[in-house]
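Undergrad:
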């Protein structure tokens, strides 16, 4: 007889872990199936935490963070090895795996290692990856949280060990002299910055006319300028036609331009991990990139089968994945706890410098024909910004013109991904400019930027 559960979770990334813990917390009998030998999914092992840890390592090894401090001269070690570069990341990943294991054990979640495939709408068979008997499991409810994997363009020779995707880059043997990165999205921009900080000459190829189009245009332009200032070669409105292996990797672009580089990183989006799960047999059909459609409660077309995280596509953030899974489980078991993911989300990009946004951008407000005023406050005019040596960063606030209600927050600069949360809370509370004018901020802090960006917006409004 198959083991019977209230809930079976497939995948142990942010969505899987939090979904399992949420249901178990409220007394449900829960099993979690993970196909990989280690817990944590891409977030812990190949994506979110590794890339952010590598960024901090690159900043430390290169002395790049201190570049704007007068009287401080720092330079990178003569030779940074891949072992130096990856050491801290591997420790952080190990610690996160241990944390997830402890959390699942604390909530008494049964764990199965192997690949789960549906045999009927309420049963999965779990096949261990290293042999052993197939284990059948049944449940009333399922949560598919299998995450995603890097999309691999067909014209890239991935059999060449110098051609990487965002997973395999973590196994890099030597720090190359040159690298071409295909894709100007979040992953491409983050890796471009960290490798350039390590002294790699990076070329970034992006098919659209600007980087990170979901950002406010002014922030996107400022990031592109900072990346160019670092030495990154940006090729926009450009695509890769062919990649040929030789002594170097020879890349031909659509424009006819060519490049010869030591390494290539494909950052061309991600695809959902749904292949082989036999989902079609139970009435769930993945999209062209393996992603699953869900409703507002995160139900698939089969009501007792839920999905959350990267496997359902945008925004594919660890933070939103956790919340989606919690909401799904509250709905599945009719719990009076959390009915929806917050309507406004923060987006953090760990480039050099960091960028973050919450709410509207100038472009989105113009598209909606909403009258607004913008206010800016620059790090170089802020005492804390002077102390840390960031002369290029700024905070940008967008207010509705008639009542000065806050509509959007964008930040570029040191600690941007932390600083955005002040604005996020104000957005969720539908606050106006009065909140920032009346607030007393610690001095000297970057948080003061909110007050001065608000003053700037009020001044702009008064001049109209």
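Residue numbers (the working numbering): 107 to 570.
Just so you know, even glycine gets a beta-carbon here, dropped at the ideal spot from N, CA and C.
(1) Distance, Cα to Cα, residue 574 vs residue 468?
(2) Run through the stretch 429-459 for me and flag every whole beta strand (DSSP E) of 3 or more residues, listed as ranges in chain order.
(3) Between the C-alpha atoms of residue 193 and residue 352, what's the straight-line distance to the nearest angstrom?
(4) When you compare the stretch 238-249 with the stretch 318-335, are there three or more beta-carbon pairs, one atom per stretch, that lie closer than 8 angstroms?
(5) What residues in its chain sit with their C-beta under 7 angstroms from that of residue 551, if we drop five residues either side in the sequence?
(6) Would you kindly work out how many angstroms separate the C-alpha atoms of residue 357 and residue 310, rounded to a whole number?
(7) In three-state terms, what does DSSP make of residue 502?
(8) Bridge partners of residue 140, per DSSP?
(9) For a test of the three-state rule: what should DSSP assign to residue 192, helix, strand or coil?
(10) Just how far apart, CA to CA, sit residue 123 and residue 117?
(11) If residue 464 and residue 417 are in contact, beta carbons under 8 angstroms, what's the gap, nearest whole angstrom?
(12) To which residues does DSSP link residue 573 through a beta bridge?
(13) With a threshold of 16 other CB atoms inside 10 Å of the CB of residue 453, please say whether the residue is buried or exposed.
(14) Any idea which residues DSSP pairs residue 310 with across the strands?
(15) Check for me: the alpha helix (DSSP H) holding residue 356 runs from which residue to which?
(16) Could you check the C-alpha separation between residue 383 and residue 207 for me, to the nearest Å?
(17) With DSSP as the reference, label residue 205 as helix, strand or coil.
(18) Spell out a yes or no on whether the stretch 156-168 and the stretch 299-319 are touching, meaning 3 or more CB-CB pairs, one atom from each, closer than 8 angstroms.
(19) What number of angstroms, rounded off, separates the C-alpha of residue 176 from the C-alpha of residue 222?
(20) Hey, residue 387 and residue 249: beta-carbon distance below 8 angstroms or not?
(21) Looking at the strands, I want to know which residues DSSP matches up with residue 365.
(22) So residue 555 and residue 501 are supposed to be a Cβ contact under 8 angstroms. How far apart are they, rounded?
(23) In this structure, does DSSP put residue 507 in helix, strand or coil?
(24) Whose C-alpha, out of 200, 546, 139, is nearest the C-alpha of residue 218?
(25) Starting from the C-beta of residue 428, find all residues in its chain whose C-beta is less than 6 angstroms away, skip the five residues before and the five after it, and write them out in chain order.
(26) Can you give me the C-alpha to C-alpha distance between residue 275 and residue 190, rounded to a whole angstrom?
(27) Find out if the Cβ-Cβ distance for the pair residue 459, residue 369 is shorter than 8 angstroms.
TA: Once the coordinates are examined:
(1) Missing from the structure shown is residue 574; the chain here goes from 107 to 570 and no further.
(2) 452-455
(3) The residue given as residue 193 occupies position 87 in the chain shown. The residue given as residue 352 occupies position 246 in the chain shown. Going from the Cα of residue 193 to the Cα of residue 352 covers about 31 angstroms.
(4) no
(5) The residue given as residue 551 occupies position 445 in the chain shown. Excluding sequence neighbours, residue 551 sits near 490.
(6) One-based indexing of the chain shown puts residue 357 at position 251. One-based indexing of the chain shown puts residue 310 at position 204. Answer to the nearest angstrom: the Cα atoms are 12 angstroms apart.
(7) Counted from its first residue, the chain shown places residue 502 at position 396. Three-state DSSP puts residue 502 in a strand.
(8) For the purposes of this step, residue 140 is identified with residue 34 of the chain shown, where counting begins at 1. In the DSSP output, where bridge partners are listed per residue, residue 140 has 219.
(9) Looking up residue 192 in the chain shown gives position 86. It is helical.
(10) By one-based count along the chain shown, residue 123 stands at place 17. By one-based count along the chain shown, residue 117 stands at place 11. The straight-line gap from Cα to Cα measures roughly 8 angstroms.
(11) The residue given as residue 464 occupies position 358 in the chain shown. The residue given as residue 417 occupies position 311 in the chain shown. Not a contact, Cβ separation roughly 24 angstroms.
(12) No information on residue 573 is available, as it lies outside the stretch 107 to 570 that the chain covers here.
(13) As a position in the chain shown, residue 453 is number 347, starting the count at 1. Residue 453 is buried by the Cβ-count criterion.
(14) As a first step, residue 310 is located in the chain shown; it is residue number 204 there, counting from the start. In DSSP, residue 310 forms a bridge with 287, 340.
(15) Here residue 356 is taken as the residue at index 250 of the chain shown, counted from 1. Counting along the chain, residue 356 falls outside any alpha helix (DSSP H), though it belongs to the beta strand (DSSP E) covering 355-359.
(16) Indexing the chain shown from 1 puts residue 383 at position 277. Indexing the chain shown from 1 puts residue 207 at position 101. C-alpha separation (whole angstroms): 24 angstroms.
(17) The residue you call residue 205 lines up with position 99 of the chain shown. If DSSP states are grouped into helix, strand and coil, residue 205 belongs with the helices.
(18) yes
(19) Counting from one through the chain shown, the residue named residue 176 turns up at place 70. Counting from one through the chain shown, the residue named residue 222 turns up at place 116. Its pLDDT being 48, under 50, residue 176 is placed unreliably in this model, and the value from its coordinates should be taken loosely. Cα to Cα, the separation comes out at about 57 angstroms.
(20) Looking up residue 387 in the chain shown gives position 281. Looking up residue 249 in the chain shown gives position 143. No, Cβ-Cβ distance for residue 387 and residue 249 is not below 8 angstroms.
(21) Taking the chain shown and counting its residues from 1, the one referred to as residue 365 is at position 259. 357, per the DSSP bridge assignment.
(22) Start at 1 with the first residue of the chain shown, and residue 555 comes out as number 449. Start at 1 with the first residue of the chain shown, and residue 501 comes out as number 395. At roughly 4 angstroms, the Cβ-Cβ gap stays under 8 angstroms, so residue 555 and residue 501 are in contact.
(23) In the chain shown, the residue the question calls residue 507 occupies position 401. Residue 507: coil per DSSP, three-state reduction.
(24) For this step, residue 218 is matched to residue 112 along the chain shown. Checking every option, the nearest Cα to that of residue 218 belongs to 139.
(25) Counting from one through the chain shown, the residue named residue 428 turns up at place 322. So the list reads 120, 124, once near-sequence residues are dropped.
(26) In the chain shown, residue 275 corresponds to position 169, counting from 1. In the chain shown, residue 190 corresponds to position 84, counting from 1. The alpha-carbon atoms of residue 275 and residue 190 are separated by roughly 15 angstroms.
(27) Start at 1 with the first residue of the chain shown, and residue 459 comes out as number 353. Start at 1 with the first residue of the chain shown, and residue 369 comes out as number 263. Contact flag unset, no.
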